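Residue numbers (our numbering), protein chains in the order written: chain A, 104 to 549; chain B, 37 to 317.
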Ligand SMILES: Nc1ncnc2c1ncn2[C@@H]1O[C@H](COP(=O)(O)OP(=O)(O)OP(=O)(O)O)[C@@H](O)[C@H]1O
Ligand SMILES: [Mg+2]
């Protein structure tokens, strides 16, 4: 073999001597397919064209999920007209809270290309700790109780992460052991803390813990929260776009930013309007207002989205999921990031457990943590998070959790048996994963 | 035995043609000096006692046949692998490079043969991976994007649509350009490039060679691995030939021509000046 022969040169030779600036504003069809529309377009028309092209090419983003959600809603509404009533929609949101939070917990590890099968029971253990801490004889204040629960679940996440990173046991195995082990811990704790006649159930005695889900903002506070949130969203985007333009960088067309803000405002308006409608059963006891849990979900979603999208930690999570060796060569401490991600998964799972306990008014050893974790993974994947790491968002868990809650709620209303509920959820998960796989295949083929 | 600049204990003619005399005369001195470096992968000995000196502010080309151990050598220097034996000195001081972080703390930036990019991240994110700018602990995307854009246009990378494009959607040559740009931006004292032009077009290859000269003119040392002898002779000040895990020949580029370089690469022995080449080989 001739030692001087260089590797066959791929036909990437580009015409030389062009202008020094890449032509960013005009979008050829071929290029549009490879880019997300945001970075390729400077006018709304360009954007729409790039977007339509991508959809036609199979890369449809969250569109199938949202389409599917609308379809499910139409089906349920045609079967049961109470489905879209304010009372049921609020109930649906509350039911979805646990799925969304557990889904968000799962996103951290899924992004790394890992999985955590234990979060259902870990969350339940955290809930027991919180409820027991606030109950007699201790009667600790609500915030100490919540802190105690979250510290315990974070520590569990840290421990499992340490087994994965230090001993190099696959996360599937470590957390499968966790799935069994923490159920054992749950049964033990619930029986001990529940007392002789408790039957493994702990009732929530603290009103604030109870109100996390069952308490509501006042009507006015709901509207104010909406205005603050939408204004914050709008200001953030407008300032960022202006800064980018000022520095000569490509920014999304102003019309697009305006449309985005409008969509968020409209969705928020619908949410607050529904929650502020009287849903009381008795005319003498009106019940209205945005449930506290909605704020907790939005807050968690916002914080975790910021963490993943705008901090070094988040960047490194994506990098490790994309190419761990490249991340290592870039000087990133892989084990530290992985440990932190498992800890955050535990923390978020603890929050989900506390919310579930608040919704039920109690926590017991009967929690089906195995089913919960499957719903959590399903929520993330239905939304569009990859099981292979490097691709996903917190938003996926929220949308996926909403889809699962909708199915769960609607089938309950129609009166379908548990057996068909499981099967329909399975079909939805399969459909979502298939759409995702097909989309990815057609993109890599092109 | 230690190897240091102007070390008189070094045998005048040890069979290893490490020309320490011409390095010592250079103003910058020796930046990186490797002695008796050994790296084994199980039964395979990829490096069996490599001696190499990389002078400051010069371009050193490392050439050798496939499997000679070039990539293994630079990965050991870059902290990917710890050597099994041997010594590395940086600016005269013995150092241990145990991780990529150690290497970049010393001022070593590396373009790997496999590029080591994250396909799911965009160009800017890859170029700044591990060295992100932050403001109030949040990523300063605007600043990073501006600098990335400037570096890429310095490199004449004009064919990417957007620097917010995922690296997985780039062509092989564009990916290589991103990897080179990433290393150049690190303000290193030594830039190591493992076949940086293998997938590049004519214009981009010329730009990378020009870039290597620019780095040299700024006093930055470059260790270049390439199979293309034309490129090597175009930019290198010194040449080192690796053969089956050993340095077979090394010296100023003036001591070599294409034929003697090829001879060293293929046989592992040095034939003196090509001016006297007879048919004895
Ligand atoms: N991770 C590894 N595990 C086992 N053996 C390895 C490993 N990396 C390299 N080797 C072996 O070490 C020897 C040198 O490989 P190296 O990649 O350094 O060659 P090279 O000079 O860079 O070749 P090329 O010109 O093809 O890039 C080869 O025999 C190779 O099989
Ligand atoms: Mg190599």
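Glycine included, C-beta positions come from ideal geometry on N, C-alpha and C.
None of the values given here were measured: they were computed from a predicted structure.
Query: Any non-hydrogen atom of ligand 1 within 7 Å of residue 80 of chain B CB; Result: yes
Query: Amino acids of chain A, ordered along the chain, whose beta-carbon sits closer than 9 Å to that of residue 136 of chain B; Result: 431, 432, 433, 434 and 435
Query: Selected residue, minimal CA-CA separation from residue 150 of chain B, among B:231, B:89 and B:257; Result: B:231
Query: Residue 459 of chain A versus residue 200 of chain A: straight-line alpha-carbon distance, rounded; Result: 8 Å
Query: Which listed residue (B:254, B:214, B:273 and B:161) has its alpha carbon closest to that of residue 288 of chain B; Result: B:273
Query: Residue 349 of chain A beta carbon near ligand 3 (any heavy atom closer than 7 Å); Result: Only ligand 1 and ligand 2 can be found as ligands here, which leaves ligand 3 out of the picture.
Query: C-alpha gap between residue 456 of chain A and residue 164 of chain B, whole angstroms; Result: 38 Å
Query: Same chain only: Cβ atoms within 6 Å of residue 219 of chain A, ignoring 5 sequence neighbours per side; Result: 212, 278 and 448
Query: Member of B:214, B:82, B:79 and B:268 whose CA lies at the smallest distance from the CA of residue 162 of chain B; Result: B:214
Query: Short Cβ contact (8 Å threshold) for residue 465 of chain A with residue 304 of chain A; Result: yes
Query: Any non-hydrogen atom of ligand 2 within 7 Å of residue 212 of chain B CB; Result: no
Query: For residue 112 of chain B, the first and last residue of its enclosing alpha helix (DSSP H); Result: 106-113
Query: Environment of ligand 2 in chain order, Cβ to heavy atom below 7 Å; Result: B:106, B:107, B:149, B:230, B:231 and B:261
Query: The segment 168-191 of chain A: positions lying closer than 7 Å to chain D by Cβ; Result: No chain D is present in this structure, whose protein chains are A and B.
Query: Cβ-heavy atom distance, residue 85 of chain B to ligand 1, below 7 Å; Result: no
Query: Residue 232 of chain B - containing beta strand (DSSP E), residue span; Result: Neither: residue 232 of chain B is in no beta strand (DSSP E) and is coded neither H nor E.
Query: Segment limits, alpha helix (DSSP H) that includes residue 267 of chain B; Result: 265-271
Query: Other residues of its chain near residue 72 of chain B: CB distance less than 6 Å, five sequence neighbours each side excluded; Result: 85 and 122
Query: Check: residue 298 of chain A C-beta below 7 Å from any heavy atom of ligand 1; Result: no
Query: is_contact[residue 181 of chain B, chain A] using C-beta, thresh 8 Å; Result: yes
Query: Beta-carbon proximity check, residue 115 of chain B vs residue 152 of chain B, cutoff 8 Å; Result: no
Query: Limits of the alpha helix (DSSP H) - the one that residue 75 of chain B falls within; Result: From DSSP, residue 75 of chain B is part of no alpha helix (DSSP H) but of the beta strand (DSSP E) over 66-77.
Query: Residue span of the alpha helix (DSSP H) that contains residue 176 of chain A, given as start and end; Result: 166-182
Query: For residue 190 of chain B and residue 219 of chain B, the rounded distance between their alpha carbons; Result: 14 Å
Query: Selection of the segment 250-274 of chain B by Cβ proximity to chain A, strictly under 7 Å; Result: 263, 264 and 265
Query: Rounded straight-line distance, which links the Cα of residue 254 of chain B to that of residue 276 of chain A; Result: 53 Å
Query: Classification of residue 441 of chain A by the beta-carbon crowding that lies within 10 angstroms, buried from 16 upward; Result: buried
Query: Contact under 8 Å by Cβ, residue 445 of chain A with residue 214 of chain A; Result: no
Query: Unbroken alpha helix (DSSP H) run spanning residue 44 of chain A, endpoints; Result: With chain A covering 104 to 549 only, the question about residue 44 of chain A has no answer from this structure.
Query: One or two residues paired with residue 35 of chain B in a DSSP bridge; Result: With chain B covering 37 to 317 only, the question about residue 35 of chain B has no answer from this structure.
Query: Any C-beta of chain B under 8 Å from that of residue 317 of chain A; Result: no
Query: Option in A:526, A:345 and A:361 with minimal Cα separation from residue 514 of chain A; Result: A:526
Query: Below-8 Å beta-carbon distance, residue 116 of chain B vs any chain A residue; Result: yes
Query: DSSP beta-bridge partners of residue 282 of chain B; Result: B:279
Query: Those residues which DSSP pairs with residue 80 of chain B across a bridge; Result: B:77
Query: Where residue 529 of chain A falls: helix, strand or coil (DSSP); Result: helix
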